[in-house]
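Engineer:
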Amino acid sequence: MSKKNGGKPPLSYQSFLKLAGEPSWASSPLSITLSSLPPVGNTGNCNISEVPTVEELGYEETQQDELSPFRGGETEALKRLRESIENKEWVAKFEKPKGDPSAFLKPATTVLSPYLKFGCLSSRYFYICLKDLYKNVKTHTVPPVSLAGQLLWRDFFYTVAFGTPSFDRMRGNKICKQIPWNDDDELLVAWREARTGFPWIDAIMTQLRMWGWMHHLARHCVACFLTRGDLFVHWEKGRDVFERLLIDSDWAINNGNWLWLSCSSFFYQYNRIYSPISFGKKYDPNGDYIRHFLPVLKDMPKEYIYEPWTAPLSIQNKAKCIIGRDYPKPVVAHDSASKDCRRRMAEAYALNQKMSGMVSAEDLRNLRRKLEEDKKPEVENKRQRKLIG
DNA sequence: GGTCAGTTGTTGTT
DNA sequence: AACAACAACTGACC
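To get this note's numbering, take the position in the first sequence, counting from 1, and add 2.
1. Report all residues from its chain with a CB closer than 7 angstroms to the CB of Asn7; omit the five preceding and five following residues, and keep chain order.
2. Tell me the start and end of each unbroken alpha helix (DSSP H) in the stretch 314-359 that is at least 4 residues and wholly inside, in chain order.
3. Could you check which residue in Tyr127, Phe128, Phe159, Thr77 has the C-alpha nearest to that of Ser17?
4. Pull up the CB-CB distance for Val298 and Tyr270, whole angstroms please, since I reckon it's below 8 angstroms.
5. With a threshold of 6 angstroms on Cβ separation, who are the neighbours of Val243 within its own chain once the five nearest residues in sequence on each side are excluded?
6. Using a Cβ-Cβ cutoff of less than 6 angstroms, which residues in the same chain neighbour Leu389 once the five nearest sequence positions on both sides are dropped?
7. Enumerate in chain order the residues of its own chain whose CB-to-CB distance from Phe164 is below 8 angstroms, with the five nearest sequence positions on each side excluded.
8. Tell me the rounded alpha-carbon separation between Lys108 and Lys372.
9. Which whole-angstrom value describes the C-beta separation of Asp301 and Lys322, a residue pair presumed to lie in contact below a C-beta threshold of 8 angstroms?
10. Using a 10 Å radius around the Cβ and a threshold of 16 neighbouring Cβ atoms, would you call Leu83 buried or exposed?
11. Let me know the secondary structure DSSP gives Val56 once reduced to three states.
12. Using the Cβ count rule (16 or more neighbours within 10 Å means buried), how would you classify Tyr129?
13. Taking the alpha carbon of Thr77 as the point to measure from, which residue in Asn89, Pro103, Glu188, Cys122 has its own alpha carbon closest?
14. Roughly how many whole angstroms lie between the Cα atoms of Lys98 and Ile87?
15. Below 8 angstroms on the Cβ atoms is my contact criterion, and I expect Tyr276 with Met347 to pass it. Report the Cβ-Cβ distance as a whole number of Å.
16. Below 8 angstroms on the Cβ atoms is my contact criterion, and I expect Leu118 with Ser125 to pass it. Report the Cβ-Cβ distance as a whole number of Å.
17. Just tell me which of Arg370, Cys131, Pro12 has its CA closest to the CA of Thr161.
18. According to DSSP, simplified to helix, strand and coil, what is Asn256?
19. Just mark Val93 as buried or exposed, buried being the case when its beta carbon has 16 or more other beta carbons within 10 Å.
20. Classify Asn49 as helix, strand or coil using the three-state DSSP reduction.
21. Report whether the distance from the Cβ of Val243 to the nearest heavy atom of the ligand GDP is below 8 angstroms.
22. For Ile279, report the span of its alpha helix (DSSP H) as first-last.
23. Following the continuous alpha helix (DSSP H) through Leu39, name the residue where it begins and the one where it ends.
24. Relative to the C-alpha of Ala196, which candidate in Phe295, Gly289, Gln152, Ile307 has its C-alpha closest?
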């Protein structure tokens, strides 16, 4: 069957770099000659409206013990940029996958994304600063992992989002795998409200609610958990939550990363699932991050803090945190849930391949039914095996 | 049609 | 700290 009717592969980062090349302005000296700006007060033909209030934007005044530590504005943005690039060695050695997602007192990245998103910081200025720094060091990392590479990822997602109709949806999106996601609002709400019963996941979702920002890898963990890793909830639902709560949410980057993490596009190794128990542990064995964002667990011994439901009742009593009363029981069993997700992803991929990407709503309904039916015989088989054995 | 690489997995072994 | 096994995806390139 011809591939031209659907299932179009997305642009790759490497291809994007080749196509884009190095922008002409990148080689200009740091003192860029600015094109002339209109005088202050001259707004040309722009229609100026009042800046809406926070309430008008739909954000209610909420009671919160802790607020985002990140202040807005250009002054703050330039200060942050200066502080980041002052440490030349840190910038030169920056490799995105190697940051600590549990670091919150001093985040492992620049946290310049909110300032880029609101236009408080010029991405070109940031890029030129990095190029200038690279010139003055012996060695430095390179895209995709370098700090400059991160800015290029931003442009990569802008480019592919611009060129892809229905980029922010599964249906009608040619680069998006058609996957029979659950429509389970209970699981979605548990995830959104930080009560999945997995402290690592809930701490991250709490940081999202309080700070509007969390480390990139932390975002990966919760996005994987919601979609292909454990809950099998539609990535569009998670995307909506991020779009609402992140202070750096950016339409193209947010949608692009949800497509990525849900293995719907760009990335396809659905066997690689972040463990909601062991992933955080390797960075933060004591669970300080969890203790900070989920104070209800602050006295749980470190042996149990990532899996408090396994703590003996005496320990739970001593920690003043009874699982099921003070902190929720896990909404799923990770081992079986992730296995089931793998099975569903394999079936969905097979269907997409068979249909060359042209998977209809009915095809998905049929696959959902098949996946449910396949589950039943498995239980039957187990019973049979037991009887025989 | 085969090979190889791909920004960020996990578990277990040496 | 580095490696293989796990099970095996896609897309670029030949």
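Backbone N, C-alpha and C define an ideal beta-carbon position, used for all residues, glycine too.
Structural biologist: Well, looking at it:
1. Reliability of the predicted coordinates at Asn7 is poor, the pLDDT of 39 falling under 50, and the value obtained from them is presented with this limitation in mind. The answer, listed in chain order, is Ser358, Met360.
2. Counting whole runs of 4 or more residues, the stretch 314-359 contains the alpha helix (DSSP H) stretches 315-320, 336-356.
3. Phe159
4. Actually they do not touch by this definition, with Cβ atoms about 38 angstroms apart.
5. Answer for Val243: Arg194, listed in chain order.
6. Residue placement at Leu389 is flagged as unreliable, the pLDDT there being 41, under the threshold of 50; the coordinate-derived value follows with that caveat. Excluding positions up to five away in sequence, the list is empty.
7. Ala254
8. 48 angstroms
9. 6 angstroms
10. buried
11. coil
12. buried
13. Cys122
14. 16 angstroms
15. About 14 angstroms separates the Cβ atoms of Tyr276 and Met347, ruling out a contact at the 8 angstroms cut-off.
16. 6 angstroms
17. Pro12
18. helix
19. Buried.
20. coil
21. This structure does not include the ligand GDP; it has no bound ligands of any sort.
22. Element bounds for Ile279: n/a, residue is neither H nor E.
23. Counting along the chain, Leu39 falls outside any alpha helix (DSSP H), and DSSP gives it neither H nor E.
24. Phe295
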